[in-house]
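Below: one structure, written as structure tokens.
If you want it as structure tokens, here you go:
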């Protein structure tokens, strides 16, 4: 009997192995047809259609193979949404879809935003232009005069409702200023086809705003939980667009249109032959476009931009320096589609298959010139996973996998990409400099000059933050060091060769630690505000400023803990601003600005996508914005003290 069973089992196992081998070979061939390791341009619109057909064939094969693997499992282990033959709950056969082929204009005195890189200004909802502040609140652009003939003032100069009458489908998020020009970025949710909107204004000497142009850009929503949609990079406006790739007759093409003219029309930003072919396989290709628009050209009737487009599956993450724009796009190596362990259509990725997860890093130069590409292991989904050195070396910290067991750690790999590592060919990734595993999920990440820091956010363990940690990895020596902070880390902020870790302390407290990586990783000092809790985690929400007398201040938005309760949601409460003085090796409390003043108009939602609070420093003046209240303060007797406030209408 046993011999008969063995005689039956062996051929069955061999048959299954042969089927699996054939499936992997089919998948590998299909994946190979969707990419080229050479960074080359698309030959024609017909080649784009052929690429899409290949991608959909790959998608159909992935889905069919995932379906067969699922149906081979015991019924109790199957994924519910797959329909298997003989399943009593559903007898329908699976139908798979198929297709047929048919010099800088930035004034350093006007930079008040906590940008990631010096020399690149990121869009935000408050900006400075000469004697004025521009403040974007609830679809209205306010102009606030802060100086008149050299004397400090704080008064409303003008307010402009941005949307047309009755049009509340446009949501504006970001302001950029250069000289007397003002640029707004928003997204129009009322259109059938998705469009981003740029509005241009000239700021008058009296604080009035004159609209110069209104442009639409076909794009998916640019919103990113920790990145920004528009930047000023030297003399250029830098914007990235994404659109799904479809067959040419159905394709929503990346185009621009001027809307403040009698007969608006659409003009392509680029043609099919301007796009770069995918360098990694994928089943859902999309267009990723980097627009670099000379600021001097924004005076004309058209958008005169240099657009560089890439075709790739997945989302892209933008990082910009004064010399380059980098796009990171994740995917899988070609070998993943023929790997015995890896199943591309299924997640999570098995631990042993982590090396097959890849990202291409596309480098677009600030000056004229072709893009270049390099490859790394893992995936990049935050701009803070990058840092460029003055010599052009790019540090990249992709996440290369996660343990879904009790250990619950994420693996990060550190790469050092020298300028020569970028080329016209996406080859194998270079060896990483370091590989580390960080306990928990989605830590805060930030580079400084000598190290990369990780911080443990509060929601890993709920309100229990007494054992929360930070980790530091030396860029040159590879030493990985952990330290217990006793508070969570929601934001990491470099400051003068050190790192600030800011987060929640217990159920009703805020804390900031001053950390140093060398000569020995350690915490120099900590300051706590037991009456406040963290309210915002975006990089622009916190700020560090150096006053004329040499004092360095940290400002952090926080909710007053006493005001929170069962009948008050945080979203209904404006943030206060708390301050600390940063010394050589210590932190000291430096005052608080209450933004719960009766003069402030209650906001319908004080927790907008971009946050609702900012602090910034102009000379010796300290400003706090929260909701509709703008407060000016001064550094007096060791604390930030309020001087006057302005309630925006």
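In mature numbering (1 follows the signal peptide of the UniProt record, and there is no 0), the protein residues as written are -20 to -1, 1 to 629. Here a beta-carbon is modelled for each residue, glycine too, at the ideal position from N, C-alpha and C.
Contact set for residue 512: own chain, Cβ-Cβ below 7 Å, skip 5 residues either direction
490, 538, 539, 540, 541, 556 and 558
Would you report the Cα separation of residue 188 and residue 628, rounded to the nearest angstrom?
16 Å
In terms of DSSP beta bridges, what is residue 537 paired with?
557
Close Cβ partners of residue 21 (< 8 Å) along its chain, the five nearest in sequence each way excluded
253, 254, 255, 256 and 257
If you draw a straight line from the C-alpha of residue 19 to the C-alpha of residue 403, how long is it?
8 Å
Hey, out of 26, 223, 300 and 124, whose CA is closest to residue 217's CA?
300
Beta-ladder partner(s) of residue 181, from DSSP:
162 and 191
Only counting the same chain, and skipping five residues up and downstream in sequence, which positions put a Cβ closer than 6 Å to that of residue 201?
167
Would you report the Cα separation of residue 601 and residue 568, rounded to the nearest angstrom?
19 Å
Buried or exposed for residue 268, please, with buried defined as at least 16 other CB atoms from any protein chain shown within 10 angstroms of its CB.
buried
Identify every run of the beta strand (DSSP E) within the segment 124 to 148, keeping only runs that are complete inside it and at least 3 residues long; order them along the chain.
131 to 141
Relative to the alpha-carbon of residue 91, which residue among 134, 122, 117 and 159 has its alpha-carbon at the smallest distance?
159
Quick one: is residue 501 buried, meaning 16 or more other Cβ sit within 10 Å of its Cβ, or exposed?
buried
Quick check on the burial criterion: 16 or more other C-beta atoms within 10 angstroms. Buried or exposed for residue 37?
buried
Which full runs of the beta strand (DSSP E) of 3+ residues lie inside the segment 322 to 363, going along the chain?
337 to 345 and 352 to 357
By the three-class DSSP mapping on this structure, what secondary structure does residue 614 have?
strand
State the Cα-Cα distance for the pair residue 536 and residue 523, rounded to the nearest angstrom.
7 Å
Please name the residue or residues paired with residue 520 in a DSSP beta bridge.
DSSP, once it has assigned bridges, lists no residue as partnering residue 520.
For the beta strand (DSSP E) that contains residue 207, what are its first and last residues?
Counting along the chain, residue 207 falls outside any beta strand (DSSP E), and DSSP gives it neither H nor E.
Using a threshold of 8 Å, state whether the C-beta atoms of residue 414 and residue 206 are closer than that.
no
DSSP three-state call for residue 368: helix, strand or coil?
strand
Which residue spans inside the segment 450 to 529 form an unbroken beta strand (DSSP E) run of at least 3?
460 to 464, 471 to 475, 478 to 484, 490 to 496, 502 to 509, 512 to 514 and 523 to 526
I need the straight-line Cα distance from residue 406 to residue 356, nearest angstrom please.
10 Å
I'd like the list of long-range same chain contacts for residue 365, defined as Cβ closer than 7 Å, with 5 residues on each side in sequence excluded.
376, 377, 378 and 425
Shortest alpha-carbon distance to residue 343 belongs to which of 290, 325 and 323?
290
Are the CB atoms of residue 610 and residue 603 nearer to each other than 8 Å?
yes
Between residue 244 and the rest of its own chain, which residues show a CB-CB distance below 7 Å, the 5 nearest in sequence each way excluded?
237 and 238
Would you decide whether residue 122 is buried or exposed? Buried here means 16 or more other CB atoms lie within 10 Å of its CB.
buried
Let me know if residue 211 comes out buried or exposed under the rule of 16 or more other beta-carbons within 10 Å of its beta-carbon.
buried
If you run the structure through DSSP and keep just helix, strand and coil, what is residue 4?
helix
State yes or no: is the C-beta of residue 506 within less than 8 Å of the C-beta of residue 515?
no
What are the boundary residues of the beta strand (DSSP E) that residue 398 is part of?
It is not in any beta strand (DSSP E) - residue 398 carries neither H nor E in the DSSP assignment.
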